[in-house]
Every structure is written in structure tokens, then in C-alpha cells.
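Comments concern the structure below.
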Amino acid sequence: MPLTPHIESHFTSGLFVRDVVIGMADGLTVPFALAAGLSGAVSSTRLIVIGGLAEIAAGSIAMGLGGYLAAKGDAEHYDQEKLREEREIVEIPEAEKAEVEELFEQYGLSEGEAKPLVEALSHRPKEWVDFMMRFELGLEEPDPKRAVTSASTIALSYVAGGFIPLAPYIILSNAFRGLLWSAVVTLAALGVFGYLKASFTGTARLRGASQTMVIGGLAAGAAFVIANMIS
Numbered sequence: 244m245p246l247t248p249h250i251e252s253h254f255t256s257g258l259f260v261r262d263v264v265i266g267m268a269d270g271l272t273v274p275f276a277l278a279a280g281l282s283g284a285v286s287s288t289r290l291i292v293i294g295g296l297a298e299i300a301a302g303s304i305a306m307g308l309g310g311y312l313a314a315k316g317d318a319e320h321y322d323q324e325k326l327r328e329e330r331e332i333v334e335i336p337e338a339e340k341a342e343v344e345e346l347f348e349q350y351g352l353s354e355g356e357a358k359p360l361v362e363a364l365s366h367r368p369k370e371w372v373d374f375m376m377r378f379e380l381g382l383e384e385p386d387p388k389r390a391v392t393s394a395s396t397i398a399l400s401y402v403a404g405g406f407i408p409l410a411p412y413i414i415l416s417n418a419f420r421g422l423l424w425s426a427v428v429t430l431a432a433l434g435v436f437g438y439l440k441a442s443f444t445g446t447a448r449l450r451g452a453s454q455t456m457v458i459g460g461l462a463a464g465a466a467f468v469i470a471n472m473i474s
């Protein structure tokens, strides 16, 4: 009887999704809160749109730069740890072998079972270092293009999210009506965003949607009330 081949399906775009989540979450929330705050202080939609556009530009650059520096920092940390491991397998090979043996024993292998594996691995320096990086330090070699990709993904996601709360102010000439429509559109977008994010992370979808809506609504409400009181 022919066997059906077992095919595993895994989600492999975690870093990309994380960058989209970072950029989109702030892109929806911060310009929404800023526009709501300005609506409580001024009646001109032109000023609100100008302020919103300036914030989107500055925010996307700052968020993208933050993503770039974080990815570069991860790559530099990986390179430093790899150099240290390469030096240690030459200078203190017995200590490194003992560490590998301990790692195997953590997976249930006995000392007798682990020793031949350790000896075999010690004759392959490159694979030995890779093994230590992954299983001792828990580090995966980063994609060399990761920094640029992360920066552009976060920045573009921020811009895409930022134009959603700003769009009603661009279309309408009344600041209060713009605020109402911005709240409706942005809260709906936050709900959809939270729902989709929860789908990727495996958490409760309705809870994810409600959390993002509540956070965005509170931020915008606080900004509106404070700006209205000051003005």
C-alpha cells in the first residue's frame, strides 16, 4: 500500500512579519494620536494634514533607522561570538569538547553515546563552530541583507499605516468630521491589523483585535483631551 508522503508546512517569514507589525502598529497609532490631538487644538484640516505628513516622514525615518541599527547590532554580535568560538576551539579544545558533551547529555544521551559524536565533530572545525553558535549560544547566522530589508520594511509599513488616520483629514475640510471619520477608519484598521497579527502569532484573534483598538483609542483620546484643555 503506497504511503502518502509527509510534508511539513512551517511559517518561515517571522522576521518580515515582525518588521511589518512594528512599522504598522506605530504607523497607525502615532499619527492617529497626533491628528486627534491637533483636532482638539485647531480647526484647520490643512494644519493637521501638514503636521501629520511631517510626523509620518520623521517617524518612518526614525523607525527605519532603528530597525537598521538593531539588525546591524545582531550581525555584529554574531560575528564577535563566532570569532570567540573559533579561537576557543583552537586554544582550549578540551573545554569546548566538554561543553559539547554537556549539550548532548541535555538531550538525553549518555556519556558513552556522546563521546564518539563529540570526537567526530571536533575533526570538523567549521561545523563544530556552527554547532556551538546554534546550540550553545542560540544564535543563527543573520542574513547579510537583513539590516537594509528590515529598515525599508519598517519604514514603508509605518508610512502605509500613517496615511490611514490622515486620509479623512485630506478628503474633508472640517476638522471635527475628519476626526470622527479618522477614528472610525483607524479603529477598524487597528482591529483588522490586530486580528491578522494574532493569526500569525497563534494568539486569540478577537483578543488581539480588541487590544490594538483599545490602545489606539486610548492614545488618540488622551491626545485630544490634553490638547483641548491646553488650547
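Per the numbering used here, residue 244 is the first one in the sequence shown, and the count goes up by one each step. Idealized CB from N, CA, C, for every residue including glycine. The structure presented is a predicted model; accordingly, all values stated were derived computationally and were not measured.
Under three-state DSSP, which class holds S252? Per-residue confidence for S252 stands at a pLDDT of 46, beneath the threshold of 50, marking its modelled position as unreliable; the derived number appears in the next sentence. DSSP places S252 in coil when its eight states are reduced to three.
Is it true that the CB of S393 sits closer than 8 Å to the CB of D262? yes
Whole-angstrom C-beta distance between G421 and S476, which should lie under 8 Å: A query on residue 476 cannot be resolved here, the shown segment of the chain reaching from 244 to 474 and no further.
In angstroms, rounded to a whole number, what distance separates the CA positions of V260 and A313? 16 Å
Give every residue of the same chain whose Cβ lies closer than 8 Å to the Cβ of M267, excluding the five residues on either side of it in the sequence, and list them in chain order. S400, Y401, A403, G404, F436
Do the CB positions of L277 and G294 come within less than 8 Å of each other? yes
Quick one: what does DSSP say S453 is sitting in, helix, strand or coil? helix
Give me, in chain order, the residues of the same chain whose beta-carbon lies closer than 6 Å to that of G434; leave out the 5 immediate sequence neighbours on both sides. A452, M456
Going by the beta-carbon positions, is the gap between E328 and M376 smaller than 8 Å? yes
Return helix, strand or coil for L277, following the three-state DSSP convention. helix
Measuring CA to CA, which of M306, E331, G280 is closest to I397? M306
Which class does K388 belong to by DSSP, given the choice of helix, strand or coil? coil
Assuming I335 contacts V372 under a Cβ cut-off of 8 Å, what Cβ separation, rounded to an integer in Å, is found between them? Contact flag wrong, Cβ pair sits at about 14 Å.
Distance, Cα to Cα, V468 vs G280? 7 Å
State the start and end residues of the unbroken alpha helix (DSSP H) segment that holds L326. 288-334
Since A301 and A470 are thought to touch, with beta carbons under 8 Å apart, how far apart are those beta carbons, to the nearest angstrom? About 19 Å; that fails the 8 Å criterion.
Y311: which of R389, V343, R330 sits nearest, CA to CA? R389
What would DSSP say about A447, mapped onto helix, strand or coil? coil
CB L382 to CB F374, shorter than 8 Å? no
Where N417 falls: helix, strand or coil (DSSP): coil
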